[in-house]
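Colleague:
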Amino acid sequence: MLEIRDLNVYYGDAQALWNVSLRLDEGEIVAIVGSNGAGKTTLLNTVAGILRPRTGSIRMLGVDVTQVRPERVCEYGIALVPEGRRLFSGLTVRENLLLGAYSARARPHRERTLEEVQEIFPILRERARQLAGTLSGGQQQMVAIARALMARPKLLLLDEPSLGLSPKMVDAIFDVMERINELGVSILLVEQNVGRALEIADRGYVLEQGRIVREGKPDELLRDDGIRRAYLAHG
Ligand code: ATP
28 MLEIRDLNVY YGDAQALWNV SLRLDEGEIV AIVGSNGAGK TTLLNTVAGI
78 LRPRTGSIRM LGVDVTQVRP ERVCEYGIAL VPEGRRLFSG LTVRENLLLG
128 AYSARARPHR ERTLEEVQEI FPILRERARQ LAGTLSGGQQ QMVAIARALM
178 ARPKLLLLDE PSLGLSPKMV DAIFDVMERI NELGVSILLV EQNVGRALEI
228 ADRGYVLEQG RIVREGKPDE LLRDDGIRRA YLAHG
């Protein structure tokens, strides 16, 4: 479904990604793990069209989307839930959600999609008229995920969805990711919570200093002493 080949991405003269290649098959949850500054956000933002790679290619369902602008990437079935959520805090939950369906592909179905999305997040139906900025952090994260789903994506890019949330909310967010995946949406997940991410992932990639250093099934990665020491609290 998603095929990334030899991406090299720079901020000015500073290279942030080095020959990054990865693939995600239809229906998969793929986790990208790695420490602070490894380049995880850079990778997602490049797939979402926010950053332009200097070289390399990104293909979605066989179509080259490397040069597609961020506001058009949803037309190709890709939606990003950015780090820090980026909600419109002065708009209501409902208004935030409807903004997710601005594309020509999603707009005609937006009332029906809103119903479906509120089935996944019943709390957002209850809070539809509340200003997004007055919700708890976990609820705001749900709005951010729900807004991305309003674009009817085939592939959801999730950047640190559990960051800063209470343990109960972290559980809720991981449950929701599995549910969304069961409904047919593939997921590329960036997480610092490596243990939890690998629990729900079909495969994982380890990114270190802008390079993919390991790829494998979660159990293979979790057996690796280096990975356990670097990313899991119990070593
Ligand atoms: P974090 O989890 O802390 O966000 P990350 O793995 O997502 O880390 P990135 O944010 O992608 O890492 O950063 C990768 C590298 O690119 C880092 O060295 C970072 O300092 C650098 N970088 C990120 N954004 C910019 C920017 N806007 N301008 C210059 N350098 C940047």
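Its first residue numbered 28, the sequence shown is counted upward by one per residue in my numbering. Even glycine gets a Cβ: it sits at the ideal position worked out from N, Cα and C. Note that the coordinates shown come from a computational prediction; the quantities given were computed from them, not determined experimentally.
Could you tell me the boundaries of the beta strand (DSSP E) in which residue 49 lies?
Modeller: Start at 1 with the first residue of the sequence shown, and residue 49 comes out as number 22. Note, residue 49: beta strand (DSSP E), 41-51.
Colleague: Work out the CA separation of residue 107 and residue 166 for me, nearest whole Å.
Modeller: As a position in the sequence shown, residue 166 is number 139, starting the count at 1. As a position in the sequence shown, residue 107 is number 80, starting the count at 1. Approximately 17 Å between the Cα atoms of the pair.
Colleague: In this structure, how does DSSP classify residue 123 when only helix, strand and coil are distinguished?
Modeller: In the sequence shown, the residue the question calls residue 123 occupies position 96. Of the three classes helix, strand and coil, the one that applies to residue 123 here is helix, per DSSP.
Colleague: Just to confirm before moving on: does the CB-CB distance between residue 137 and residue 177 stay below 8 Å?
Modeller: Residue 137 sits at position 110 when you count from the first residue of the sequence shown. Residue 177 sits at position 150 when you count from the first residue of the sequence shown. Yes; because the gap between Cβ atoms is below 8 Å, this pair is in contact.
Colleague: Note down the Cα distance separating residue 144 from residue 47, rounded to an integer number of angstroms.
Modeller: Position 117 of the sequence shown, counted from the start, is the residue given in the question as residue 144. Position 20 of the sequence shown, counted from the start, is the residue given in the question as residue 47. So the alpha carbons of these two residues sit roughly 33 Å apart.
Colleague: Can you list, in chain order, the residues of its chain with a C-beta nearer than 8 Å to that of residue 114? Leave out the 5 residues immediately preceding and following it.
Modeller: Position 87 of the sequence shown holds residue 114. Closer than 8 Å at Cβ, skipping near neighbours: 123, 159, 160, 167, 170, 171, 174.
Colleague: Run the proximity test for residue 258: is its beta-carbon closer than 7 Å to any non-hydrogen atom belonging to the ligand ATP?
Modeller: Looking up residue 258 in the sequence shown gives position 231. Incorrect: residue 258 has no Cβ contact closer than 7 Å to the ligand ATP.
Colleague: With DSSP run on the structure shown, which of helix, strand or coil describes residue 114?
Modeller: Looking up residue 114 in the sequence shown gives position 87. Of the three classes helix, strand and coil, the one that applies to residue 114 here is coil, per DSSP.
Colleague: For residue 189, which residues from the same chain have a beta carbon less than 6 Å from its beta carbon, with the 5 sequence-adjacent residues on both sides left out?
Modeller: The residue given as residue 189 occupies position 162 in the sequence shown. Around residue 189: 197, 200, 220.
Colleague: Does the distance from the C-beta atom of residue 36 to that of residue 88 stay below 8 Å?
Modeller: In the sequence shown, counting from the first residue as 1, residue 36 sits at position 9. In the sequence shown, counting from the first residue as 1, residue 88 sits at position 61. No; because the gap between Cβ atoms is not below 8 Å, this pair is not in contact.
Colleague: Run through DSSP, which three-state label would residue 103 get?
Modeller: As a working mapping, residue 103 is identified with position 76 in the sequence shown. Helix, per DSSP.
Colleague: Check whether the Cβ of residue 38 lies closer than 7 Å to any heavy atom of the ligand ATP, and answer yes or no.
Modeller: The sequence position of residue 38 within the sequence shown is 11, counting from 1. Yes, the Cβ of residue 38 comes within 7 Å of a heavy atom of the ligand ATP.
Colleague: Could you name the residues that DSSP lists as bridge partners for residue 186?
Modeller: Taking the first residue of the sequence shown as position 1, residue 186 is located at position 159. In DSSP, residue 186 forms a bridge with 217.
Colleague: Can you round the beta-carbon distance between residue 75 and residue 97 to whole angstroms, since I take them to be within the 8 Å contact cut?
Modeller: In the sequence shown, the residue the question calls residue 75 occupies position 48. In the sequence shown, the residue the question calls residue 97 occupies position 70. Right, their Cβ atoms sit about 6 Å apart.
Colleague: Hey, how far is the Cα of residue 151 from the Cα of residue 117?
Modeller: In the sequence shown, counting from the first residue as 1, residue 151 sits at position 124. In the sequence shown, counting from the first residue as 1, residue 117 sits at position 90. Their backbone Cα atoms lie some 16 Å apart in a straight line.
Colleague: Can you name the start and end residues of the beta strand (DSSP E) that residue 255 belongs to?
Modeller: The residue you call residue 255 lines up with position 228 of the sequence shown. Looking at the DSSP string, residue 255 is not in any beta strand (DSSP E); the run it does join, the alpha helix (DSSP H), is 252-258.
Colleague: Hey, how far is the Cα of residue 263 from the Cα of residue 94?
Modeller: Since the displayed the chain opens at 28 and closes at 262, residue 263 lies outside it and no answer follows.
Colleague: Since residue 237 and residue 43 should fall inside the 8 Å C-beta cutoff, what is the C-beta to C-beta distance between them, to a whole number of angstroms?
Modeller: Here residue 237 corresponds to residue number 210 of the sequence shown, with the count starting at 1. Here residue 43 corresponds to residue number 16 of the sequence shown, with the count starting at 1. So it is a contact: roughly 5 Å between Cβ atoms.
Colleague: Taking the CB atoms as reference points, tell me whether residue 101 and residue 149 lie closer together than 8 Å.
Modeller: Along the sequence shown, one-based indexing puts residue 101 at 74. Along the sequence shown, one-based indexing puts residue 149 at 122. Not a contact, by the Cβ cut-off of 8 Å.
Colleague: Could you give the distance in angstroms between the alpha-carbon of residue 91 and the alpha-carbon of residue 104?
Modeller: The sequence position of residue 91 within the sequence shown is 64, counting from 1. The sequence position of residue 104 within the sequence shown is 77, counting from 1. Straight-line Cα distance between these residues: approximately 13 Å.
Colleague: What three-state label does DSSP hand residue 72 in the structure shown?
Modeller: By one-based count along the sequence shown, residue 72 stands at place 45. Residue state, collapsed to three classes: helix.
Colleague: For the stretch 231-250 and the stretch 200-215, state whether three or more C-beta atom pairs, one from each stretch, are separated by less than 8 Å.
Modeller: Result no; under three Cβ-Cβ pairs closer than 8 Å.
Colleague: Please confirm if residue 88 has its CB atom under 8 Å from at least one CB of chain D.
Modeller: Looking at the structure shown, chain D is missing, and only one protein chain is on hand.
Colleague: Return the CA-CA distance between residue 34 and residue 62, expressed in angstroms with no decimal places.
Modeller: Within the sequence shown, residue 34 is the residue found at index 7, counting from 1. Within the sequence shown, residue 62 is the residue found at index 35, counting from 1. When rounded, the distance between both Cα atoms is 19 Å.
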